[in-house]
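Presented below is the structure to which this report refers.
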Amino acid sequence: MDGIALLTVTVLAVFVGFEVVSKVSSTLHTPLMSGANAIHGIILVGAIIVAGQAADPWVLAVALLAVVLATANLVGGFVVTDRMLHMFHARKDAARTAAGPKAGGK
Numbered sequence: 000m001d002g003i004a005l006l007t008v009t010v011l012a013v014f015v016g017f018e019v020v021s022k023v024s025s026t027l028h029t030p031l032m033s034g035a036n037a038i039h040g041i042i043l044v045g046a047i048i049v050a051g052q053a054a055d056p057w058v059l060a061v062a063l064l065a066v067v068l069a070t071a072n073l074v075g076g077f078v079v080t081d082r083m084l085h086m087f088h089a090r091k092d093a094a095r096t097a098a099g100p101k102a103g104g105k
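Okay, so the sequence shown: first residue is 0 according to numbering that gives the first Met the number 0, each after it adds one.
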């Protein structure tokens, strides 16, 4: 692929990604985060493949930037998901403690 084709694919991917994410309501955004992490992983693999095939220095620079941004997005998604799961876990423990020892089923 030449540099223009790679740049075109990158611009289209950014546009489509922005449109898809902006259509999701804020209520559904957090529960869908863990499923979206798989998509971020695919994006990271694609960015690595583009970086590996880059012949021009500017294409390599843009591809490496894409790798860095995709990595940050993937790691950030897992951090947010982990924090969300800890919030639900804390609520469950508080409800069990408030209800007494027999409410836990043990």
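Note that beta-carbon positions come from the ideal geometry of N, C-alpha and C, so glycine has one too.
Next item on the list: Following the continuous alpha helix (DSSP H) through Val10, name the residue where it begins and the one where it ends.
Entry: Gly2 to Ser21
Note to self: Can you check which of these residues, His85, Ala62 and Thr80, is closest to Ala35 by C-alpha distance?
What the structure shows: Thr80
Notebook entry, point to check: Alpha carbon to alpha carbon, what distance is there between Val67 and Met0?
Noted result: 22 angstroms
Item checked: Beta-carbon gap between Ala50 and Leu31 smaller than 8 angstroms -> No, Cβ-Cβ distance for Ala50 and Leu31 is not below 8 angstroms.
Next item on the list: Return the CA-CA distance between Ala46 and Ser21, expressed in angstroms with no decimal places.
Entry: Each residue's alpha carbon lies about 22 angstroms from the other.
Next item on the list: Note down, in chain order, each residue of its chain lying with its Cβ closer than 8 angstroms to the Cβ of Trp57, except the 5 sequence neighbours on either side.
Entry: Gly2, listed in sequence order.
Check: Is the distance from the Cβ of Leu6 to the Cβ of Gly40 below 8 angstroms?
Finding: no
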